[in-house]
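To keep things clear, I will list the structure first and then write my remarks on it.
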Amino acid sequence: MNKPYLNTPNFDNYLYVMKSPRAGRTTGITMATELDGLKNPFLDLPQGEAIQAYYIWIDGSRQNVRGKTRTLYNKVTSVKDLPKWNFDGSSTKQSDGTNSDVYLQPVAIFKDPFRRGNNILVLCETIDAENKPHRTNSRHECNKNMEKCKNQHPWFGIEQEYTLFDSTGKHPYGWPENGFPAPQGPYYCGVGADRVTGRKIVEAHYRACLYAGVKIAGSNAEVMPSQWEYQIGPCEGITMGDHLWVSRYILIRVAEEFDVVVSFDPKPIPGDWNGAGCHTNISTEDMRKEGGMKHILKAIELFSKKHKEHIAEYDPFQGMDNARRLTGDHETASIHEFTHGVANRACSVRIPRAVQEAGCGYFEDRRPSSNCDPYSVTNRIVKTMCLN
Numbered sequence: 002m003n004k005p006y007l008n009t010p011n012f013d014n015y016l017y018v019m020k021s022p023r024a025g026r027t028t029g030i031t032m033a034t035e036l037d038g039l040k041n042p043f044l045d046l047p048q049g050e051a052i053q054a055y056y057i058w059i060d061g062s063r064q065n066v067r068g069k070t071r072t073l074y075n076k077v078t079s080v081k082d083l084p085k086w087n088f089d090g091s092s093t094k095q096s097d098g099t100n101s102d103v104y105l106q107p108v109a110i111f112k113d114p115f116r117r118g119n120n121i122l123v124l125c126e127t128i129d130a131e132n133k134p135h136r137t138n139s140r141h142e143c144n145k146n147m148e149k150c151k152n153q154h155p156w157f158g159i160e161q162e163y164t165l166f167d168s169t170g171k172h173p174y175g176w177p178e179n180g181f182p183a184p185q186g187p188y189y190c191g192v193g194a195d196r197v198t199g200r201k202i203v204e205a206h207y208r209a210c211l212y213a214g215v216k217i218a219g220s221n222a223e224v225m226p227s228q229w230e231y232q233i234g235p236c237e238g239i240t241m242g243d244h245l246w247v248s249r250y251i252l253i254r255v256a257e258e259f260d261v262v263v264s265f266d267p268k269p270i271p272g273d274w275n276g277a278g279c280h281t282n283i284s285t286e287d288m289r290k291e292g293g294m295k296h297i298l299k300a301i302e303l304f305s306k307k308h309k310e311h312i313a314e315y316d317p318f319q320g321m322d323n324a325r326r327l328t329g330d331h332e333t334a335s336i337h338e339f340t341h342g343v344a345n346r347a348c349s350v351r352i353p354r355a356v357q358e359a360g361c362g363y364f365e366d367r368r369p370s371s372n373c374d375p376y377s378v379t380n381r382i383v384k385t386m387c388l389n
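Letter by letter, the sequence shown follows residues 2 to 389 of the working numbering.
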């Protein structure tokens, strides 16, 4: 059988599992590779000169992506070649039924790793009926502020954590049917079937991001079983949010092929299990130069005076989601106070030890939640750090 992402000789030896649509559970024979997807044979059909453009936008929740496809007949070399489009905002919590049309304005293009060829992914901003940025469009303001401080060359790198669930979205992928796995300890950067689950999804996502042109920098298994992380960056200015959102779409879409659900919930499992964050690494040109530590410490001081404002922008519910995660336990600081330190993962902001030794570099804000809007996060950061 042909696999959609990786050409591994052993794939032909695996058995595949039928799903029960009623229960969402596997039936028949199961093996360790039970949720592998099959390649769609119709995607081998020629499409002539036509291009399939998949328009992606962020819906009214500010934490989910939506998308739909249109056919184009002219070669696309920039976003200027792409037409505006629209969608039914009453079905995405972005309008009511009496005035439902919301416009899609293309802002970035990526190669489509699923359809391949000349087909593309198109990231869009949402525009309202008065041709103004939609109230759920956080990219517009973020882009304006990034332009204001572009002479400072703000760089970002975001560590996106997530958790895999079975097709019901209720049971962590690979966890025992009843009870819990062994306590945390052996899973972080783990190797072996007894320590990690879902590696095929992780590797497929990594390769798909590279193909698409997303600036993925790395990946690793995380502290909780079935929890993973990948890193996007370094990206300058608005491209940080663009690349992270498209990487999320690609991850969700890859997992769909394996009948697995991706959760970006910041505390998916209550109790003595790590939550999930979007640790954000930050620097300006002055911070990266020799003697940059003084600029890092100045930025951290500014952050300390705007802790509440940052918390309000670091998850979609003005801090309510993060309150379940930022407890002071499980490598987090308390949501109620701002702290910083060198190599301290129990602080709000961490200065890496290598940065302290070099006297320049970057720092890490550990507060953003895994389901944060990266436009809101990076916008708040430059407002505090660069625009004061």
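Using N, Cα and C, we set each Cβ at its ideal position, and we do this for glycine too.
Q | Reduced DSSP category for I103 - H, G, I as helix; E, B as strand; rest coil | A | Numbered from its first residue, the sequence shown carries residue 103 at position 102. With the sequence shown as reference, residue 103 is identified as Val, and Ile is not the correct amino acid for it. Residue state, collapsed to three classes: strand.
**Q.** Endpoints, beta strand (DSSP E) assigned at F157
**A.** Here residue 157 corresponds to residue number 156 of the sequence shown, with the count starting at 1. Start and end: 156-166.
**Q.** Among V77, W274, S96, N132, nearest to S227 - alpha-carbon criterion
**A.** On the sequence shown, position 226 is the one that residue 227 refers to. Of the candidates V77, W274, S96, N132, the one whose C-alpha sits nearest the C-alpha of S227 is W274.
Q) Taking the beta strand (DSSP E) that T285 falls in, what are its first and last residues? A) For the purposes of this step, residue 285 is taken as residue 284 along the sequence shown, with counting starting at 1. First-last for T285: undefined, no H or E at that position.
Q) W246 bridges to which residues according to DSSP? A) Against the sequence shown, residue 246 aligns to sequence position 245. In DSSP, W246 forms no bridge with anything.
Q: Please classify V197: is it buried, with 16 or more other beta-carbons within 10 angstroms of its beta-carbon, or exposed?
A: One-based indexing of the sequence shown puts residue 197 at position 196. The residue in question, V197, is buried, as its Cβ has 16 or more Cβ neighbours within 10 Å.
Q: Closer than 7 Å by C-beta to Y315: which residues in its own chain qualify, once you throw out the five before and the five after it? Chain order, please.
A: As a working mapping, residue 315 is identified with position 314 in the sequence shown. So the qualifying residues of the chain are N323, R368, P369, S370, C373, V378.
Q. Quick one: what's got a C-beta closer than 8 Å to V356's C-beta in the same chain, skipping five residues either side?
A. Looking up residue 356 in the sequence shown gives position 355. Excluding sequence neighbours, V356 sits near M294, I297, G362, Y363, F364.
Q.
Less than 8 Å between C-beta atoms, sequence neighbours within five positions excluded: which residues of the same chain meet that for R63?
A. As a position in the sequence shown, residue 63 is number 62, starting the count at 1. Result list for R63: T137, S139, P317, D374, S377, in chain order.
Q. When the Cα atoms are used, what is the spatial distance from S79 to I121?
A. In the sequence shown, residue 79 corresponds to position 78, counting from 1. In the sequence shown, residue 121 corresponds to position 120, counting from 1. Going by the C-alpha atoms only, they are around 11 Å apart.
**Q.** Under 8 Å between C-beta atoms of P155 and C387
**A.** As a working mapping, residue 155 is identified with position 154 in the sequence shown. As a working mapping, residue 387 is identified with position 386 in the sequence shown. Closer than 8 Å, so yes.
Q.
By the three-class DSSP mapping on this structure, what secondary structure does T28 have?
A. On the sequence shown, position 27 is the one that residue 28 refers to. Residue placement at T28 is poorly supported in this model, since its pLDDT is 38, which falls under 50; the coordinates are not used for a value here.
(Q) Residues in the same chain with beta-carbon distance under 8 Å from R289, minus the five sequence neighbours each way, listed in chain order, please. (A) Within the sequence shown, numbered from 1, the residue matching residue 289 stands at position 288. Here the set comprises W156, C361, G362, Y363.
Q. Can you tell me whether DSSP reads N372 as helix, strand or coil?
A. Numbered from 1 along the sequence shown, position 371 holds the residue referred to as residue 372. Residue state, collapsed to three classes: coil.
Q: Can you give me the start and stop residues for the beta strand (DSSP E) that L122 sits inside?
A: Within the sequence shown, numbered from 1, the residue matching residue 122 stands at position 121. 121-128 is the extent of the beta strand (DSSP E) around L122.
Q.
Measuring straight from C-alpha to C-alpha, what distance separates P187 and V263?
A. Along the sequence shown, one-based indexing puts residue 187 at 186. Along the sequence shown, one-based indexing puts residue 263 at 262. Using only the alpha carbons, I get a separation of about 22 Å.
**Q.** Local Cβ density within 10 Å of Y55, reported as buried at 16 or more and exposed below that
**A.** Within the sequence shown, residue 55 is the residue found at index 54, counting from 1. With 16 or more other Cβ atoms within 10 Å, it is buried.
(Q) Does the structure place the segment 243-252 close enough to the segment 143-153 that three or more beta carbon pairs sit under 8 Å? (A) no
Q: Check T169 in the structure and name its three-state DSSP category.
A: What you label residue 169 is simply residue 168 of the sequence shown in a count that begins at 1. Coil, per DSSP.
(Q) In whole angstroms, give me the CA-to-CA distance for F265 and I251. (A) Along the sequence shown, one-based indexing puts residue 265 at 264. Along the sequence shown, one-based indexing puts residue 251 at 250. Distance between the alpha carbons of F265 and I251: 14 Å.
Q: Select from D243, R71, F259 the residue whose C-alpha is nearest the C-alpha of F88.
A: In the sequence shown, residue 88 corresponds to position 87, counting from 1. When the alpha-carbon of F88 is set against those of D243, R71, F259, the nearest one is in R71.
Q. With C-beta atoms as the reference, is C348 less than 8 Å away from E160?
A. Indexing the sequence shown from 1 puts residue 348 at position 347. Indexing the sequence shown from 1 puts residue 160 at position 159. No, Cβ-Cβ distance for C348 and E160 is not below 8 Å.
Q) From the DSSP output, which residues share a beta bridge with Y55? A) Residue 55 sits at position 54 when you count from the first residue of the sequence shown. BP columns for Y55 point to T70, L122.
Q: Could I get the ranges of all uninterrupted beta strand (DSSP E) runs contained in the segment 295-346, with 3 residues as the minimum, in chain order?
A: 341-343
Q | Pick from K94, R117, T281, S284 that is closest to Y212, judged by C-alpha positions | A | Position 211 of the sequence shown, counted from the first residue, corresponds to residue 212. Ranking the options by Cα distance to Y212, first place goes to R117.
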